[in-house]
Amino acid sequence: MGEVIVVTSGKGGVGKTTTTANIGTGLAALDHKVVLVDADIGLRNLDVVLGLENRIVYDIVDAANGNCRLRQAIIKDKRLEGLHLLPAAQTKDKTAVTPEQMEELCAELKKEFEYVIVDCPAGIEQGFKNAIAGADKAIVVTTPEVSAVRDADRIIGLLEAAELRDPKLIINRLRARMVKAGDMMSIDDMLEILAIDLLGVVPEDDLVVISTNKGEPVVTNEKSLSGQAYRNIVRRIKGEEVPLMDLESEGGFLKALRRLIGLK
Amino acid sequence: MCSGSKNNAGKHEQQAKADFELDTLFDENTILVQRTLRSGQSITYDGNIVVLGDVNPGAEIIATGDVIVMGSLRGVVHAGAAGNVRSVVVAFKLLPTQLRIANHITRAPDGEAADSDVPEIARIKNGVVTIEAFNSEWQGK
Numbered sequence: 021m022g023e024v025i026v027v028t029s030g031k032g033g034v035g036k037t038t039t040t041a042n043i044g045t046g047l048a049a050l051d052h053k054v055v056l057v058d059a060d061i062g063l064r065n066l067d068v069v070l071g072l073e074n075r076i077v078y079d080i081v082d083a084a085n086g087n088c089r090l091r092q093a094i095i096k097d098k099r100l101e102g103l104h105l106l107p108a109a110q111t112k113d114k115t116a117v118t119p120e121q122m123e124e125l126c127a128e129l130k131k132e133f134e135y136v137i138v139d140c141p142a143g144i145e146q147g148f149k150n151a152i153a154g155a156d157k158a159i160v161v162t163t164p165e166v167s168a169v170r171d172a173d174r175i176i177g178l179l180e181a182a183e184l185r186d187p188k189l190i191i192n193r194l195r196a197r198m199v200k201a202g203d204m205m206s207i208d209d210m211l212e213i214l215a216i217d218l219l220g221v222v223p224e225d226d227l228v229v230i231s232t233n234k235g236e237p238v239v240t241n242e243k244s245l246s247g248q249a250y251r252n253i254v255r256r257i258k259g260e261e262v263p264l265m266d267l268e269s270e271g272g273f274l275k276a277l278r279r280l281i282g283l284k
Numbered sequence: 003m004c005s006g007s008k009n010n011a012g013k014h015e016q017q018a019k020a021d022f023e024l025d026t027l028f029d030e031n032t033i034l035v036q037r038t039l040r041s042g043q044s045i046t047y048d049g050n051i052v053v054l055g056d057v058n059p060g061a062e063i064i065a066t067g068d069v070i071v072m073g074s075l076r077g078v079v080h081a082g083a084a085g086n087v088r089s090v091v092v093a094f095k096l097l098p099t100q101l102r103i104a105n106h107i108t109r110a111p112d113g114e115a116a117d118s119d120v121p122e123i124a125r126i127k128n129g130v131v132t133i134e135a136f137n138s139e140w141q142g143k
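Chain order of the listed sequences is A and B.
Throughout, the numbering used here is defined as the position within the first sequence, counted from one, plus 20.
Throughout, the numbering used here is defined as the position within the second sequence, counted from one, plus 2.
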């Protein structure tokens, strides 16, 4: 029996879909059987980020309403054996699926997959309610911005009200240099407000944009710092203890040299 | 927006006899879509669809007959949706996310973006969906 994890944030554009794609790909790369569920009906993106858009025939609405069998709507990834996608519908809206149907779908998917990861739409309305309906666990994504943290806080409250206890936090797009200069909220600032367990910190990285446009999640990129951050997150989801990366040392050779000669 | 023009068939027949066998060409089930279809927009019609505009990725056109796009076709298209294998898809730029004719489903090979300067036509030939340059020598079905 697998577990259903919902990736949510409240605010849009903080990286829910990117996070979902990377966690799913990372888990599948470690030979787990994973299905990613795009709950953003009407504004689907996950298929595009995974480069699977042109394979969609049936979608989550078809599966929920019995127009097709669930198995028919699930798309296999083109690279990783264990990775699957249940795409959202693009021509419908959030009301096309009810929370009860989502619960049923998730229960069905759990039987077959080790991890069911639900990509939640932005907002706190029906789409959010659908996405969390069948979830066992929640991951809240935020960026180091006051507005994103505010929305994350609201979401954590709503998750608690829905009895989804103990959500985990991912801080996305952190710029160590700006934090150091005091121009950006630090990890501690955010943890102080949100007061939930930290699952990982992903640094700002151009490679994320490049890989997203190519339809290849950055987690598979051995050389990238953000890819490493996602790989660590994946291991933590599996229950391993992995220390946080030292993002401060990012900045390459010059900084390393300065540190060597004691200039900090 | 589905303004299928239903002419008086009897009147049309008379007129057709006067010229030549126009009734073999006559098809009352066509709609004209005079705008670009954007992501999430969808048109389903029991007949042919002509689009004066583009069909963007994420948009969808489903017709029981033919589909003609006077622009770029980048979304999902389904011609002959009720099973007519003689249906065709024509577009100035034929670059669909997915192309379906009757019960055939095709997509472009991964990582390949074949660009053509001429209008193209997709149809089923010997059981496979084939895309060719469209020219006026094409004599229909």
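Heads up, the beta-carbon is just placed ideally off N, CA and C, and yes, glycines get one too.
CB-CB under 7 Å to residue i, same chain, minus the five flanking residues each way: which ones, in chain order?
i	result
B/LYS143	With a pLDDT of 49 at B/LYS143, under the threshold of 50, the modelled position of this residue cannot be trusted, and the question is left open.
A/VAL34	VAL161, THR162, THR163, ALA168 and ASN192
A/GLY32	ALA142
A/HIS52	GLY102, GLU134 and TYR135
A/GLU123	ALA153 and GLY154
B/ASP119	none
A/ALA116	ILE61, VAL81 and ALA109
Compare the C-beta of residue i with all C-beta atoms of chain C and state if any pair is closer than 8 Å.
i	result
A/LYS130	You won't find chain C in this structure, because its protein chains are A and B.
Start and end of the beta strand (DSSP E) containing residue i?
i	result
B/GLU134	130-135
A/PRO223	217-223
A/LEU66	Careful: A/LEU66 lies outside any beta strand (DSSP E), inside the alpha helix (DSSP H) at 66-69.
A/ALA83	Here A/ALA83 belongs to no beta strand (DSSP E); instead the alpha helix (DSSP H) covers 80-84.
B/SER44	44-47
A/LEU179	No beta strand (DSSP E) holds A/LEU179; the alpha helix (DSSP H) holding it covers 166-181.
A/LEU56	54-58
A/LYS188	188-194
Give the range of the alpha helix (DSSP H) segment to which residue i is assigned.
i	result
A/ASN42	36-49
B/VAL1	With chain B covering 3 to 143 only, the question about residue 1 of chain B has no answer from this structure.
A/THR111	Where A/THR111 is concerned, there is no enclosing alpha helix (DSSP H), given that its DSSP letter is neither H nor E.
A/ASP252	Just to set this straight, residue 252 of chain A is Asn in the shown sequence, not Asp. Where A/ASN252 is concerned, the enclosing alpha helix (DSSP H) stretches over 245-257.
A/GLU236	Note, A/GLU236: premise wrong, no alpha helix (DSSP H); not H, not E.
A/LEU214	207-214
B/ARG109	Run containing B/ARG109: none; DSSP gives neither H nor E here.
For residue i, which residues of its own chain have a beta-carbon under 8 Å away from its beta-carbon, when the five flanking residues on both sides are left out?
i	result
A/LEU129	GLY22, VAL24, VAL55, VAL57, LEU90, LEU106 and VAL136
B/GLY6	Below a pLDDT of 50, predicted positions are generally treated as unreliable, and B/GLY6, at 42, falls in that range; no measurement from the model is reported.
A/MET219	According to the sequence provided, residue 219 of chain A is Leu. The question's Met does not apply to it. Contacts found: ILE159, LYS188, LEU189, ILE190, ILE253, ARG256 and ILE257.
B/LYS8	At B/LYS8, the pLDDT of 45 sits below 50, so the modelled position is not reliable and the matter cannot be decided from this model.
B/GLY73	THR38, VAL53, LEU54, GLY55, ASP56, VAL57, ALA93, PHE94 and LYS95
A/ARG195	PRO164, MET204, PRO223 and GLU224
A/TYR78	ASN87, CYS88, GLN92 and ALA93
B/GLN43	ALA61 and GLU62
A/VAL166	MET205
Quickly, what does DSSP pair residue i with across the bridge? List them, please.
i	result
A/THR28	A/VAL160
B/HIS80	B/ILE64 and B/ARG102
A/LYS144	Looking at the sequence shown, residue 144 of chain A is not Lys but Ile. In DSSP, A/ILE144 forms no bridge with anything.
B/VAL35	B/VAL53
B/ILE123	B/VAL92 and B/GLU134
A/GLU23	A/TYR135
A/LYS96	A/HIS104
Keeping to the same chain, check which residues put their C-beta closer than 6 Å to that of residue i; ignore five residues upstream and five downstream.
i	result
A/PRO119	LYS149, ASN150 and ALA153
A/GLU242	none
A/ASP97	LEU103
A/VAL199	SER206
B/HIS80	ILE64 and ARG102
A/LYS114	ILE61, GLN146 and GLY147
A/LYS284	At A/LYS284 the pLDDT is 44, less than 50, meaning the model places this residue with poor confidence; the figure from the coordinates comes in the next sentence. Hits under 6 Å: none found.
B/GLY82	SER89, ILE103 and ALA104
B/PRO98	LEU75 and VAL79
Below 7 Å between beta carbons is the criterion; list the residues of the stretch 46-65 of chain A that meet it against any residue of chain B, in chain order. Of all residues in the stretch 46-65 of chain A, GLY62 have a Cβ within less than 7 Å of some Cβ in chain B.
Please name the residues in the stretch 108-124 of chain A whose beta-carbon is closer than 8 Å to at least one beta-carbon of chain B, in chain order. Against chain B - using a Cβ distance shorter than 8 Å - the residues of the stretch 108-124 of chain A are GLN110 and THR111.
Any contact of the stretch 44-53 of chain A with the stretch 241-260 of chain A, i.e. 3+ C-beta pairs under 8 Å? Contact between the stretch 44-53 of chain A and the stretch 241-260 of chain A is present, because at least three Cβ pairs lie under 8 Å.
Within 7 Å of chain A by C-beta, residues of the stretch 86-103 of chain B in sequence order: Answer set for the stretch 86-103 of chain B: THR99 and GLN100.
The stretch 119-133 of chain B / the stretch 87-102 of chain B touching (three or more Cβ pairs under 8 Å): Counting Cβ pairs under 8 Å, three or more are found: they touch.
Indicate whether the contact test is met: 3 or more Cβ pairs, each with one atom in the stretch 198-210 of chain A and one in the stretch 60-79 of chain A, closer than 8 Å. Here the stretch 198-210 of chain A makes no contact with the stretch 60-79 of chain A; the two share fewer than three CB pairs at distances below 8 Å.
Check distances from the C-beta atoms of the stretch 97-108 of chain A to those of chain B and list, in chain order, the residues that come in under 8 Å. Taking 8 Å as the upper bound on Cβ-Cβ separation, chain B lies near residues LYS98 of the stretch 97-108 of chain A.
Three CB pairs or more closer than 8 Å across the stretch 180-188 of chain A and the stretch 226-239 of chain A: Three or more Cβ pairs closer than 8 Å define a contact, and the stretch 180-188 of chain A falls short of that threshold against the stretch 226-239 of chain A.
Taking contact to mean 3 or more Cβ pairs, one atom from each stretch, closer than 8 Å, check whether the stretch 59-71 of chain A and the stretch 234-241 of chain A are in contact. A contact exists between the stretch 59-71 of chain A and the stretch 234-241 of chain A.
Compile a chain-ordered list of the residues in the stretch 67-86 of chain A whose CB is closer than 9 Å to at least one CB of chain B. Result list: VAL68, GLY71, GLU73, ASN74, ARG75, ILE76 and VAL77.
Chain A contacts made by the stretch 63-78 of chain B, where a contact means CB separation under 7 Å: Within the stretch 63-78 of chain B, no residue qualifies.
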